[in-house]
Structure formats: structure tokens, C-alpha cells
Amino acid sequence: MAEQRQTTEAFTALQEACARENGYAVTTEIDGGVSIDLSSTPPEQQKAFATVLEGCYDNAVEQMGEQDFPTADVFYDRVVDTHGCLLAEGHSPSNPPSRETWIDSFNQADTVDVWSPYAALLEAEPAISEDEWYRLKSICVEDGIVYTTEFAGDMPNG
């Protein structure tokens, strides 16, 4: 998992630098994702940010080199490893789908619905505490498929 963490950190750093170069003040989340508060931003500017972030993602892939960027097969192995880590930490997310099913989902144009061990954890344990969530995120590292959620204290006016 240490190698996964290094890959995630390098990839996130490239995305963050690119977004900042394009004028967006993004935040690197504890779980490795890049976020920005767009709650008071008009929809057309939100779309512009999404376009910039997509370009930053592509740029990060290019800079890291295709040979360094994992395949769907490798991503599947990593989500299975993360799932195992969550189980070892005493939690009970649902089991991952088969490799073939997961890869088919991953390869779809919109990967929002791809199975994630953290999405499965949140579904199994919706009352998980924020402290426990971030503790797990620091131990059971995701690499490539990053699932994030917001806790009430993280939300604007929340």
C-alpha cells in the first residue's frame, strides 16, 4: 500500500498544480482527492471547472507516463486490497463484484457508479464517524478509485 500511496500523492499533486495554474484554488483532501467549494458558483463556471479538472487529469496521466498508470485490472486488485484492509480493521463493506463485472463498469464512459470499498462501507455503516472514516482513509489507501463523502461539519452552512 505504500507504493499505492506514493502514486496517489504524485498524481494528486500534478492535478492540484494544474488546477492552480488554471486559476482554481483547490484543496487536497485527506483521502487523496482534489476538491473545490463550488456551492456558490454559477453552473456554467462549475462546468468550466469540470472541463479544466478533466484536462488536468489527462495531463497528470501523460506526465506520469502510460507505463506508470495502472490498468483497470490493477485498479481492481487495489480496490480488493482496500476492501481486505477495511475488513481487517473490523468493518464490513459488501464484497466486491467479480473482476469482469468491475472492469466492465470501470471501462464505461461514466465511472461514477463503479464499485468502491468505501462506498460499500458507507452503505453498510451509514453512521460511521468522521474520525473513523479519515482514520481508515489513512490506513486503507485507495489508489485510482477515490471515494469521498462530506460530513455535516464539512458542508457549507452545515
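In the UniProt record's numbering, the protein residues as written are 1 to 158.
Even glycine gets a Cβ: it sits at the ideal position worked out from N, Cα and C.
Reduced DSSP secondary structure (H/G/I, E/B, other) of residue i
i, result
"T51", "helix"
"T105", "Before going on, a small fix: residue 105 reads as Ser here, not Thr. DSSP places S105 in helix when its eight states are reduced to three."
"T41", "coil"
"M155", "Because M155 carries a pLDDT of 38, less than 50, the predicted location of this residue cannot be relied on, and the following value inherits that uncertainty. Looking at M155 - three-state DSSP - the assignment turns out to be coil, as it is neither helix nor strand."
Cβ-based neighbour list, residue i, same chain, cut-off 6 Å, excluding 5 preceding and 5 following
i, result
"C140", "T82, C85, L86"
"E100", "none"
"M155", "Its pLDDT being 38, under 50, M155 is placed unreliably by the model, and the measurement read from it follows with that caveat. Result list for M155: empty, nothing under 6 Å."
"N59", "C18"
"N22", "V52"
Whether residue i touches residue j by CB criterion (8 Å)
i, j, result
"S116", "V79", "yes"
"H91", "E130", "no"
"S94", "E132", "no"
"F106", "M64", "no"
"Y57", "Q108", "no"
"Y134", "W102", "no"
Endpoints, the alpha helix (DSSP H) within which residue i is located
i, result
"H83", "72 to 88"
"W115", "Here W115 belongs to no alpha helix (DSSP H), and DSSP marks it neither H nor E."
"I139", "130 to 139"
Cut-off 7 Å between Cβ atoms - residues of its own chain near residue i, not counting five sequence neighbours on either side
i, result
"Y24", "I36, F49, V52"
"R20", "V26"
"E89", "L136, I139, C140"
Close Cβ partners of residue i (< 8 Å) along its chain, the five nearest in sequence each way excluded
i, result
"T46", "It should be pointed out that residue 46 corresponds to Gln in this sequence rather than to Thr. For Q46, where only same-chain residues beyond five positions count, the Cβ hits under 8 Å are L38."
"P97", "S105, W115"
Contact test: residue i Cβ vs the ligand NAP heavy atom, cutoff 7 Å
i, result
"E89", "Questions concerning the ligand NAP fall outside what the structure shown contains, since it holds no ligand whatsoever."
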